[in-house]
Amino acid sequence: MTSNVVRLLNPLTRQVTELPQITASLASKFRGNSPDNAGLADDRTVLLYFSGIGTLAFAKPGDEHWVLVKLGELLMPTMSFAGRFYGVTTGAVMVVDTRESQPPRLVVAAKLDKPFSRMVDTVHLVDNGGELMLMHRMIRPIPDAENCSKRSYKVYRVDLDAGKTTPANGLSGRAVFIGYNRSFSVSPQVFPYIRADTVYPGLNLGERSGHEQIGAYHLADGSIEPSNYDIRGSLAHPFNAAEFLAGCVRG
C-alpha cells in the first residue's frame with residue numbers, strides 16, 4: 021500500500037490488482053490499528069480483520085469502496101481455508117458469507133462441541149493436510165492438589181457439511197504446531213524427527229517455559245516431551261527441527 025492506494029500482488033504471476041483506495045474517513049477508523057489477519061473471503065474478495073476495533077473490511081477488484089462489518093464478538097483465531105475465511109467465537113466456527121445477493125456477513129459454519137472460555141483456554145484452527153481441524157488448548161485444576169493445574173490439548177474435526185465439530189483421537193498421522201495467531205500441520209514423512217499425532221506449542225506460549233516445560237504433547241496418551249526452553253534465557257543454543265518449526269508460529 022502506497023499512501024492511500026491499495027494493490028494486491030500475486031507473487032507467482034507478478035500480476036498486480038487494484039483495490040479501492042483508503043479514503044481519509046476510512047483511515048480515521050483504522051488509526052492505531054493494523055490488521056491481525058488478511059485472506060480471501062471467496063475467489064475474488066479480499067478481507068482484512070482488525071480485532072482491536074472488531075471490524076472486518078472487504079473489497080474486490082472494481083469496487084468503489086471498502087465494505088466494513090462491525091462484529092459483536094471477538095473472532096479469534098482466523099484463517100483462510102479452501103478459499104473461504106474462517107474464525108472462531110466462544111461457541112462456533114464462523115465463515116464469511118459473500119453471496120452476491122447481500123452484503124458480506126458472518127454465519128455459523130460449525131457449532132463447537134462445547135463452548136470454551138477465553139479466560140483460561142485458547143482455540144486454534146489448522147489446515148491438517150486438507151482437513152479443517154480445531155485445537156483446544158486448556159488448563160485445568162488437578163483434583164485434590166492445592167494450587168496445581170495441568171495443561172492438555174484436544175482436537176476436533178470441523179464438519180462443514182454437518183455444521184458441527186466432533187472429537188478426534190489424533191491428527192491422521194500428522195503433527196500440529198500452534199501459536200497465538202497462527203498454526204500449521206506437517207507430515208513426519210517430510211520431517212522425520214517430528215512425532216505423529218503430536219501437538220507442539222509455539223515458542224511464545226507459556227507452557228514452553230516456566231514450570232510446565234512442554235515441548236510436545238502426545239495426543240494418544242497425554243504424555244509430554246520436555247522443552248528445556250526459557251524465553252528469558254540469554255544463552256543461545258542450537259534449535260532442532262521441532263524448535264525451529266515452533267518458532268515459525270511465534271508471531
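Heads up, the sequence shown is in the working numbering, so the first residue is 21 and it goes up one at a time. We treat Cβ as the ideally placed atom computed from N, Cα and C, and that holds for glycine.
Taking its Cβ as the centre, do 16 or more other Cβ atoms sit within 10 Å of residue i, making it buried, or is it exposed?
i    : result
P161 : exposed
T33  : exposed
G107 : buried
V36  : exposed
F259 : exposed
N53  : exposed
L67  : buried
T22  : Bear in mind that the predicted position of T22 carries a pLDDT of just 45, short of 50, making it unreliable; the figure below should be weighed with that in mind. Burial call: exposed.
R138 : exposed
G222 : buried
A77  : buried
F234 : Per the sequence shown, residue 234 should be read as Ile rather than Phe. I234 is buried by the Cβ-count criterion.
I42  : buried
S48  : exposed
In whole angstroms, what is the alpha-carbon distance linking residue i and residue j?
i    : j    : result
V269 : Y220 : 10 Å
K131 : H144 : 15 Å
D179 : S203 : 19 Å
P31  : T185 : 35 Å
L265 : Y213 : 11 Å
H85  : A79  : 7 Å
D181 : L88  : 28 Å
D83  : G150 : 31 Å
V25  : T118 : 24 Å
D133 : V140 : 17 Å
T65  : S169 : 44 Å
S243 : V210 : 23 Å
Y173 : S71  : 25 Å
H238 : A262 : 14 Å
M99  : R177 : 16 Å
T75  : Y69  : 6 Å
P123 : G226 : 40 Å
A58  : P208 : 29 Å
F101 : V128 : 15 Å
D63  : L29  : 15 Å
F136 : F50  : 29 Å
D56  : P163 : 38 Å
G230 : L95  : 29 Å
Assuming contact is defined by CB atoms lying nearer than 8 Å, are residue i and residue j in contact in what I supplied?
i    : j    : result
R27  : L46  : no
L91  : L126 : yes
M158 : I198 : no
V146 : V196 : yes
V206 : L191 : no
T109 : E120 : no
R171 : E232 : yes
N201 : P97  : yes
D217 : A240 : yes
N148 : R215 : no
M153 : A188 : yes
Who are residue i's beta bridge partners in DSSP?
i    : result
R27  : E38
I234 : P246
Y220 : F197
F204 : F197
key: Length-filtered (3 minimum) beta strand (DSSP E) runs lying within the segment 54-100   = 57-60, 66-70, 75-79 and 87-90
key: Whole runs of the beta strand (DSSP E) within the segment 104-135, excluding any shorter than 3 residues   = 104-108, 112-117 and 125-131
ask   = If you scan the segment 129-199 from start to end, which runs of the beta strand (DSSP E) of 3 or more residues do you find wholly inside it?
value = 142-148, 151-161, 169-179, 184-188 and 195-198
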